[in-house]
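Residue numbers (UniProt numbering), protein chains in the order written: chain A, 1 to 270; chain B, 1 to 437. Have a look at the structure below, then the notes.
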């Protein structure tokens, strides 16, 4: 059966990076949660690391177009989001799993993913296949007809990932996606991320350094709303030394970079 | 869109709401069937009167659904999707409003099939009255959805339902005569088969409920506190406009409904047009009464239904007593098998009573009992109704009348009837003790 391809799908890419931010600042009330961040992220899996309160979730929510930046420039897929039309077109290509994944417990998994596909304006003729494919990819095929309310915590997280990828997003934003997954599921999840990252820009916010080590090509390390480090994973590994705390090279790099960040320097050194 | 509407119908509160609302509406209409089963105007009155039960349910369901996104913490997830909020909410709106419409309209359609077989006069306004009732239910549903989105707390639904129930229940019992009250309340002012609601009240209620529904929709799509305050504008404007349009006295007598229609075979027996279906049942007992009283001096020559209402018209015994040649009767309404019937023996007893005295004269129970005793004694004598259930007073009157010579007996019955229709003491006359009370 022939497949319809829209002009936008075959149009050449007109942007250098999927996510481009310059001096991006986001305020939450009186607090500056993201403070002048610069980002240039393209295809591949990128991890966002940082301690609690670093601004990871605020950054992800801003990139998901849920929050509006206070200042700075933000371009997603080459769009500066200046009009409702641009915003709507961009959201069709976004996948987002929030930290708190809300759902309708009375819906079955298939119904909920289909509902999300409808909200994401997946074309009707592609919807059934897209839903099935998303459910298959998170390995929940045999639970597709179960109510969302009956799924375990790990399954719900996978259901959340299924809804996030149902529209084959060009930018996939995942906030703490591996919470509740068992080790085997986490390994499968990393494989899935790498697979999606071949064609999309995947940004994963996590506390778990080993997830970043196993799945991400690049890392953004944040602290107190600012970028401490942004670059390839190898550079993060190389940043640490044997004297730094951590069980792995990534953890040692993580602690070393955070320690060197001005926000964490003693008062006299500032 | 249709697929999502179907999904919402299956998974939202729509289906339980449909079942509960249909069961509740049907149960309450059924309990009240003797009030409406023979007339369109009464159906409108009864269907609208159920609002005190149905609207709190509808409001609670709307609020509960309106708060669904907040309760399930999906707002963040949905906010990142391209589908605009009004479009996102539309399928659930269609499903829930559809459930309300199907439940209410379905039950009214059932009631209409019962009435269609009996009703002989519609007045042409009943569809408007029912439509306004349906519009009220839709408006309250939309308002509930809006409140639910604005106040996403689980206690909002039960609290609002109880509050609305109390307001409507108290209003139904102690309704002040006020045009604003007539417009705002979904229940109609008290009416009956002989009266009609002015169309201007229905029109003003249409304005009010449409505005209320618009406020509900605006509350639902409002994203800021300011927008939520602005959403109240249609309701405020609607109530002001509706109050201007509303008539000061919304219930008026319907001369077409109360026009008399007489039996083809006997033009001395007549009923109101709205009760024409009862005429065939009335002819035999009415004829029996006329025949039985034929020998009575000043006896009745006609039987007519009294085109006055105990609910709305003040009783006027003097005018009744002035036309002794006519028996003016009211139909006792009794139901059988879901439709209205007048049992011949009940009709005969009622006619005999109305022939002998005017009920409006006897507000004291003691006086009413004496008049009834006189009537029962005469009925047993002239109509050969059973004597074994006569009260001691009626038995004494019966025993007094029976041995009298025919001429004197009829004369005394005629005098007793005259006393009964002019607020005297018919029992005393029959017993030969004068007419004073």
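Quick reminder that beta carbons are idealized off the backbone N, C-alpha and C, glycines included.
Using a 10 Å radius around the Cβ and a threshold of 16 neighbouring Cβ atoms, would you call residue i buried or exposed?
i, result
"residue 167/A", "buried"
"residue 105/A", "exposed"
"residue 199/A", "exposed"
"residue 140/A", "buried"
"residue 304/B", "buried"
"residue 2/B", "exposed"
"residue 121/B", "buried"
"residue 40/B", "buried"
"residue 260/B", "exposed"
"residue 256/B", "exposed"
"residue 229/B", "exposed"
"residue 163/B", "exposed"
"residue 148/A", "buried"
"residue 426/B", "buried"
"residue 116/B", "exposed"
"residue 47/B", "buried"
Pull up the distance between the alpha-carbon of residue i and that of residue j, whole angstroms please.
i, j, result
"residue 8/B", "residue 309/B", "48 Å"
"residue 201/B", "residue 207/B", "10 Å"
"residue 321/B", "residue 215/B", "Reliability of the predicted coordinates at residue 321/B is poor, the pLDDT of 49 falling under 50, and no value is obtained from them."
"residue 84/B", "residue 93/A", "15 Å"
"residue 156/A", "residue 146/B", "30 Å"
"residue 197/A", "residue 171/A", "9 Å"
"residue 412/B", "residue 347/B", "24 Å"
"residue 357/B", "residue 99/B", "52 Å"
"residue 17/A", "residue 69/B", "34 Å"
"residue 249/A", "residue 177/A", "23 Å"
So is residue i in contact with chain B if we call contact Cβ pairs under 8 Å?
i, result
"residue 213/A", "no"
"residue 126/A", "no"
"residue 66/A", "yes"
"residue 56/A", "no"
"residue 169/A", "no"
"residue 119/A", "yes"
"residue 91/A", "yes"
"residue 133/A", "no"
"residue 98/A", "yes"
"residue 107/A", "yes"
"residue 103/A", "yes"
"residue 15/A", "no"
"residue 176/A", "no"
"residue 110/A", "no"
"residue 94/A", "yes"
"residue 88/A", "yes"
Helix or strand or just coil, what does DSSP make of residue i?
i, result
"residue 16/A", "coil"
"residue 177/B", "coil"
"residue 362/B", "coil"
"residue 96/A", "strand"
"residue 179/A", "coil"
"residue 75/B", "helix"
"residue 36/A", "strand"
"residue 403/B", "coil"
"residue 250/A", "helix"
"residue 339/B", "Residue placement at residue 339/B is poorly supported in this model, since its pLDDT is 47, which falls under 50; the coordinates still yield a value, given next. In this structure, residue 339/B counts as strand in the three-state DSSP scheme."
"residue 173/A", "strand"
"residue 328/B", "strand"
"residue 443/B", "The displayed coordinates of chain B run from 1 to 437. Any statement about residue 443/B would go beyond what the structure contains."
"residue 318/B", "Only weak support exists for where residue 318/B lies, its pLDDT of 48 falling under 50; the coordinates are left without a value."
"residue 203/B", "helix"
"residue 334/B", "Here the model assigns residue 334/B a pLDDT of 46, short of 50, so the residue's position is not dependable and the matter cannot be decided."
With 8 Å as the threshold, decide whether the Cβ of residue i is near any Cβ in chain A.
i, result
"residue 90/B", "no"
"residue 81/B", "yes"
"residue 4/B", "yes"
"residue 228/B", "no"
"residue 7/B", "yes"
"residue 93/B", "no"
"residue 143/B", "no"
"residue 19/B", "no"
Pull the bridge partners of residue i from the DSSP assignment, please.
i, result
"residue 216/A", "In the DSSP output, where bridge partners are listed per residue, residue 216/A has none listed."
"residue 96/B", "DSSP output for residue 96/B lists no bridge partner at all."
"residue 261/B", "271/B"
"residue 232/A", "218/A"
"residue 195/B", "253/B"
"residue 108/A", "147/A"
"residue 25/A", "71/A"
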